Every structure is written in C-alpha cells, then in structure tokens.
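S.K.: Please find one structure pasted underneath; my questions will follow.
Numbering (our numbering), first residue to last: 393 to 983.
Spelled out as structure tokens, the structure:
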C-alpha cells in the first residue's frame, strides 16, 4: 500500500463555495456547466436510464456552448512566448471528445511512471492563452497531465493566470511526481526532448469534475423532514459542553435542541446553525441540511435528556440522553475501532458493544470511517447502520485516506463532525486535535496531512501535559507487516518515547496487531519504558499471510474487532473483543 498525501484545501466540484476565479467566470466554469447539465438530466431523463449514459449520449445532450466550456475551461493559463503543449494520456483511457478536434496530434512518444504508461499528444500554441478540456465523462483515476516548453529554446517561458492555481509547477524529469494525492508515484521514463519542460502537477480526483458515466448513486437512507443522523461530539471541554448534530431535508429551515437535566422539568432551548450539503450525483437526495448546536455551561457529571427538531415544522425527535464528564474523573472507559468502512457487520458489533458496555464514555474510529468520503451515500450508510449509538455517546474520530480521496480534501467529513479546532496551524481545522478526558490526554492526528507540519504541535501537547495516561490515534500504523511507515517512526517516534505515550492506535492495514512495549523502534522489557502500538480492524480483515513481526505480542489476520479500554489512576485494562463478543486479547498496564 502507498501513503497518499493530499491537497486538502482543494474542494473542486464538491465544494459548496467556488474560487474567486470561478465566481468571476460564473456560467463559463466546468462546475457551473455540469451543475446545470445534471439538473437538466434529472428533469428530462428517467432514473432507470442513468446507467446507460455514456460519451455518445452526453455529446448529443450537451449544447454547443456547454461543449465549448468543457473543452476549454478545465485547465487554462497564459504564456508569454509560443509553446508546445505535451499532453500525457494513459494508454487504456478513452480520449476526451475535444482532444483531436482542438488540434492535438498523437505522437509516438511515451512517458512512464512506476505503474502506468502514457501516450503523448502535442499541439503548438502562440503566445497568449492555452485552454484545455475535461479528461472525459468517466472517472478514470489516472487523468492526463501536461508539460509545456518554449518552441524556441532561447526564449524564456513565463506562465501566468493559471487555473487551477492550487497545484505546483515542477520540472519534468525522471523522479518527478505528477499527482499530489500519490506523490510517491514517480516518472521513470520520458522522451529526452521533454526533459526540463514545465510540468503541471494535478490530482487524480479531477476526473470527477465531469464524471457522469456510471456516476449516479441512490442512497438507501434518504433524508426527510424528520430529524435523523443525530450524533454527539465534543469541540470543547467534556465536563461542561456537548455538540449535537443532525440532518433533515431542505424543507426544514430551522433547527433547535431542547435539553434538560434528567428527572427535572426545566427545559433550555438552543438554536442550531444550519448548512446545506450537496452531492450532485445522488439523484434521490441531492441536497440536505445539516444542523449543529453547541451546548455549553453544562454541569459536570450530569445526565441530560434532549430532543432535536424544528419549531416551524412542529416536529421533534424522540428523547435521547448523554452524560457530561465528571470533574476530576479518575476512572472511565472508552471504545475504539480500526477501519469501519460503513460496514453493516461493523455496525452490529458497535450496537452489541453499546449494550455490553453501557458505561462507555465515548467512541473513537482510527480513520477510514467510510470507503469513499466524497459520496454522501457512504455517510448515510454509516449513520443508518450505526442507528442511535452516537446519539447517546460522543464519537471522536480521525480521518483516513478513504475519508479524503484523490486529493479533493475531506470537506464532507468536516461538515459532518463538530470537533476541536485546537490543532496545528498548518493543517485543516478539526483534522488534528487534542482533548482531555479524566486523567488521560488524547492526541487525534490526521496522518494524511504532512508529518512535519504537525510535529511541533505534537511535542508541545505531550510536553505540557500532566495527564497520567497519554494516547495517540492516527490512521497509518508506524509498525506493521506490510508497509512500515518509516517517515512516521522517524518524525514522531522519538516524541512518543521522550514523553512516554502509553499507546498509539491505528488502522489502515486490515488485520489486528498489538505490539510489545517499544522504545526507539525496539522491544523493551517494561511498559514503563515503552509504547504499545495497536492496529485494529472494524470491517473484515483481508490478508492470507501477515508475514513476521518480531515486535508483535498478538496478531490476527482476519476477523473484526473493537478495543474496550478502562482507565483508573493507576491501571489501564485493554480488552479486545471479536465479532462474536469473545475476548481475544487482554493487557493490563500498571503505573
């Protein structure tokens, strides 16, 4: 497996807001055209025919003006001298409709990286604008990329007014990367005449900008005017606050939480903020409203009951409850999962665990909560299958690579979860954060973001904490049989050793592993001197062979698990249950 580095600020077609350049161009942007085209499709084409839509259909359905935009506004820039544009297109990918018509000519040149081979199409442009079109109407993940060179070697090339401007310009050479969401994928072979040209980097997710072929989806859990997907999180102090989130369809304009101490009649009402969410290709539930209410000034160690709903609609959810953290809590329990991938079998394990451990304070998931984080259908399944568990106990997750895919960011994740914004300045708010519960510090780290941008923050959190127990959760496991993450070991391992992190919890590799205590990458004799590295899996494991790991204490190549953690001032009891509710691993650490 490869680690994906993403440009999380790039929302492209899925963002609710556009860049300034897109706003200026308004109806001439690819996004605007495709928004209108999809709306028209829903009006004129029966849903039973969506799966038959292909290139031929689209070229008949589009107007001439729409075709022009799709052929010219996907990528454009200005050059100061005449140039030759070389377009690298994967061999087995269909050529986009505009490529040959616009004057590009296929050459016998080839470019290769470690996985793919590309044919090279070329066209000469005069000084001025260069306009290029969409990769196609399918979602081939290996989209085309370009290089640009001056037609006269002595003329210095300047490139300006570039769209999209989020992606860097590099030098085209062996060892260069093309896709920011797969930066380890390097160019291995290119024609000598292209060496040294300006390489336009991109992300594979841009294939989704005009994706229509096989793109239409239907959610099995559509929204309505009744509040659902009710979930608790914390963005502030667990002793005196609670965040409540839920969903309705767009007919519901207002949201409110009514809450009260259990066994009392004094009710407090709090208005919620509302934000719209669109999934363009979700044909039976394209638009929804998401509501968030931040409850503050609560009493510690107190059980509250609440309901959510709408005053205008005169509709209310059933009554739920939650309990705030007690002041100076010395004993509590929490449950964490590895990758869940919105698996209904995982959800059954979750519901079983909730019944088995009613005293659980909160839940955590170590990333890959769903399989495709830019499809709301996936999140609908996650909430639908998990039923009401997270409306009684908060969920404090971290994102994985599947929750933010193909370089397009994790905007759905951020819109769904209300989490602390106390993380590093150079990463997305709510992606990495810290919170304290009882006598434990929890560092929740987004390992899909650059390591070095988070190191100082991690050290400051650990160094300045007086917590008895210190836990770190992130998606990519530093130690595993398949692909040890040496960069994480080197960047953060020393901090975990120096400030004695008790346990690092991860997922990603679909198997179960608990290490012996480790320090400086080696097994040590005592938990007082080393950190436990745990990898777990909430969905099915998928390995026939899990190799050898001399640092491992316990491993399972298949199965589904959850970890039940009970802490006191002096002890940590770690218990792993499988899908049948059987205890398969136990650990006791004493301070």
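Note that the Cβ used here is the ideal one computed from N, Cα and C, for glycine as well.
None of these values were measured; they are calculated from a predicted model.
Would a check of beta-carbon distances place residue 980 closer than 8 Å to chain D?
M.R.: Looking for chain D here will not work: only one protein chain is present.
S.K.: Could you tell me the alpha carbon to alpha carbon distance between residue 723 and residue 745, rounded to whole angstroms?
M.R.: For the purposes of this step, residue 723 is taken as the residue at position 331 of the chain shown. For the purposes of this step, residue 745 is taken as the residue at position 353 of the chain shown. Their backbone Cα atoms lie some 19 Å apart in a straight line.
S.K.: Between 592, 647, 466, 658, which has its C-alpha nearest residue 665's C-alpha?
M.R.: Your numbering for residue 665 matches position 273 in the chain shown. The residue with the shortest Cα to Cα distance from residue 665 is 647.
S.K.: Quick one: Cα of residue 548 to Cα of residue 586, how far?
M.R.: The residue you call residue 548 lines up with position 156 of the chain shown. The residue you call residue 586 lines up with position 194 of the chain shown. In a straight line, the C-alpha of residue 548 is about 16 Å away from that of residue 586.
S.K.: Run the CB neighbour count on residue 936, radius 10 Å, all protein chains shown included, and call it buried at 16 or more, exposed below.
M.R.: Looking up residue 936 in the chain shown gives position 544. By the 10 Å Cβ count, residue 936 comes out exposed.
S.K.: Residue 957: which of 938, 939, 980 sits nearest, CA to CA?
M.R.: Stepping through the chain shown from its first residue, residue 957 is reached at position 565. Cα-wise, what sits closest to residue 957 is 980.
S.K.: Give the C-beta separation of residue 700 and residue 636 to the nearest angstrom, bearing in mind that I take them to be a contact with Cβ-Cβ under 8 Å.
M.R.: Against the chain shown, residue 700 aligns to sequence position 308. Against the chain shown, residue 636 aligns to sequence position 244. Indeed, because the Cβ distance is near 6 Å, the residues count as touching under 8 Å.
S.K.: Jot down the residue ranges of each uninterrupted alpha helix (DSSP H) in the stretch 453-528, minimum 4 residues, whole runs only, in chain order.
M.R.: Runs of the alpha helix (DSSP H) inside the stretch 453-528: 456-464.
S.K.: Round the Cβ separation of residue 439 and residue 675 to the nearest angstrom and send it over; I've been treating them as touching at under 8 Å.
M.R.: For the purposes of this step, residue 439 is taken as the residue at position 47 of the chain shown. For the purposes of this step, residue 675 is taken as the residue at position 283 of the chain shown. In this structure residue 439 is in contact with residue 675, their Cβ atoms being roughly 6 Å apart against a cut-off of 8 Å.
S.K.: Thinking residue 372 and residue 511 are a contact (beta carbons under 8 Å), I'd like their distance in whole angstroms, please.
M.R.: The requested residue 372 is not part of the displayed model; the chain covers only 393 to 983.
S.K.: Go through its chain and collect everything with a Cβ distance to residue 792's Cβ below 6 Å, but skip five positions before and after it.
M.R.: Locating residue 792 in the chain shown gives position 400, where the first residue counts as 1. 759, 760, 867, listed in sequence order.
S.K.: Output needed for residue 921: all residues of its chain with C-beta closer than 6 Å, excluding positions within five of it in sequence on either side, in chain order.
M.R.: Translated into positions along the chain shown, residue 921 becomes position 529. Excluding residues within five positions, the ones whose Cβ falls inside 6 Å are 911.
S.K.: Quick one: using the 10 Å Cβ neighbour count with 16 as the cut-off for buried, is residue 621 buried or exposed?
M.R.: What you label residue 621 is simply residue 229 of the chain shown in a count that begins at 1. Under this definition residue 621 is a buried residue.
S.K.: Exposed or buried, what is residue 824 when buried is set at 16 or more other beta-carbons lying within 10 Å of its beta-carbon?
M.R.: For the purposes of this step, residue 824 is taken as the residue at position 432 of the chain shown. Classification for residue 824: buried.
S.K.: Let's see if you can read the secondary structure: which residues bound the alpha helix (DSSP H) around residue 886?
M.R.: Position 494 of the chain shown holds residue 886. Run containing residue 886: 878-890, per the alpha helix (DSSP H) assignment.
S.K.: What did DSSP end up calling residue 425 once you bin it into helix, strand or coil?
M.R.: Along the chain shown, read from residue 1 onward, the residue named residue 425 stands at position 33. Residue state, collapsed to three classes: helix.
S.K.: To which residues of the same chain is residue 554 closer than 6 Å at the C-beta, ignoring the five residues directly before and after it?
M.R.: What you label residue 554 is simply residue 162 of the chain shown in a count that begins at 1. Taken in chain order, the residues that qualify are 469.
S.K.: Looking at C-beta atoms only, is the number of pairs between the stretch 450-468 and the stretch 614-632 that lie closer than 8 Å three or more?
M.R.: These segments do not touch.
S.K.: Just reading off the alpha helix (DSSP H) that residue 675 is part of, what are its end residues?
M.R.: Residue numbering aside, residue 675 sits at position 283 when the chain shown is read from its first letter. Where residue 675 is concerned, there is no enclosing alpha helix (DSSP H), given that its DSSP letter is neither H nor E.
S.K.: Roughly how many whole angstroms lie between the Cα atoms of residue 584 and residue 766?
M.R.: Looking up residue 584 in the chain shown gives position 192. Looking up residue 766 in the chain shown gives position 374. Rounded to the nearest angstrom, the two C-alpha atoms are 39 Å apart.
S.K.: Determine, using beta carbons only, whether residue 795 and residue 805 come nearer to each other than 8 Å.
M.R.: In the chain shown, counting from the first residue as 1, residue 795 sits at position 403. In the chain shown, counting from the first residue as 1, residue 805 sits at position 413. Cβ distance < 8 Å, so residue 795 and residue 805 count as in contact.
S.K.: Output the residue ranges of the alpha helix (DSSP H) runs that lie fully inside the stretch 815-870 and measure 4 residues or longer, sorted by chain position.
M.R.: 847-855
S.K.: Which residues in the same chain as residue 713 place their Cβ atom closer than 8 Å to its Cβ, once the five residues preceding and following it in sequence are excluded?
M.R.: In the chain shown, counting from the first residue as 1, residue 713 sits at position 321. Sequence-distant partners of residue 713 (beyond 5 residues in either direction) whose C-beta falls short of 8 Å from its own C-beta, in its chain, are 654, 695, 696, 697, 698, 784.
S.K.: Report the option in 614, 852, 424, 782 whose CA atom is closest to the CA atom of residue 623.
M.R.: Position 231 of the chain shown, counted from the first residue, corresponds to residue 623. Of 614, 852, 424, 782, the residue nearest in Cα terms is 782.
S.K.: Kindly indicate which three-state DSSP category residue 748 falls into: helix, strand or coil?
M.R.: Indexing the chain shown from 1 puts residue 748 at position 356. Residue 748: helix per DSSP, three-state reduction.
S.K.: How many Å lie between residue 831 and residue 754 at the Cα?
M.R.: Here residue 831 refers to the residue found at position 439 of the chain shown. Here residue 754 refers to the residue found at position 362 of the chain shown. Distance between the alpha carbons of residue 831 and residue 754: 15 Å.
S.K.: If you follow the beta strand (DSSP E) that residue 969 is in, where does it begin and where does it stop?
M.R.: Numbered from its first residue, the chain shown carries residue 969 at position 577. Segment 963-970, the beta strand (DSSP E) holding residue 969.
S.K.: Strictly by DSSP, which residues pair up with residue 701?
M.R.: As a working note, residue 701 is residue 309 in the chain shown. Residue 701 is bridged to 648, 708.
S.K.: Between residue 865 and residue 905, which are expected to be in contact by the criterion C-beta below 8 Å, what is the C-beta distance as a whole number of angstroms?
M.R.: As a first step, residue 865 must be located in the chain shown, where it is residue number 473. As a first step, residue 905 must be located in the chain shown, where it is residue number 513. Contact between residue 865 and residue 905 is ruled out by a C-beta separation of about 15 Å, above the 8 Å threshold.
S.K.: Please tell me whether residue 803 and residue 850 are closer than 8 Å, where the distance is taken between their beta carbons.
M.R.: Within the chain shown, the letter at position 411 stands for residue 803. Within the chain shown, the letter at position 458 stands for residue 850. No, the pair does not count as a contact, with Cβ atoms beyond the cut-off.
S.K.: For the beta strand (DSSP E) that residue 541 lies in, which residues bound it at each end?
M.R.: Here residue 541 corresponds to residue number 149 of the chain shown, with the count starting at 1. From DSSP, the beta strand (DSSP E) with residue 541 extends over 537-542.
S.K.: Can you give the Cα-Cα distance for residue 927 and residue 551, rounded to whole angstroms?
M.R.: Your numbering for residue 927 matches position 535 in the chain shown. Your numbering for residue 551 matches position 159 in the chain shown. The straight-line gap from Cα to Cα measures roughly 47 Å.
S.K.: So what does residue 578 bridge to, in DSSP terms?
M.R.: For the purposes of this step, residue 578 is taken as the residue at position 186 of the chain shown. According to DSSP, residue 578 bridges with 569.
S.K.: Nearest-angstrom Cα distance between residue 462 and residue 651?
M.R.: Within the chain shown, numbered from 1, the residue matching residue 462 stands at position 70. Within the chain shown, numbered from 1, the residue matching residue 651 stands at position 259. So the alpha carbons of these two residues sit roughly 51 Å apart.
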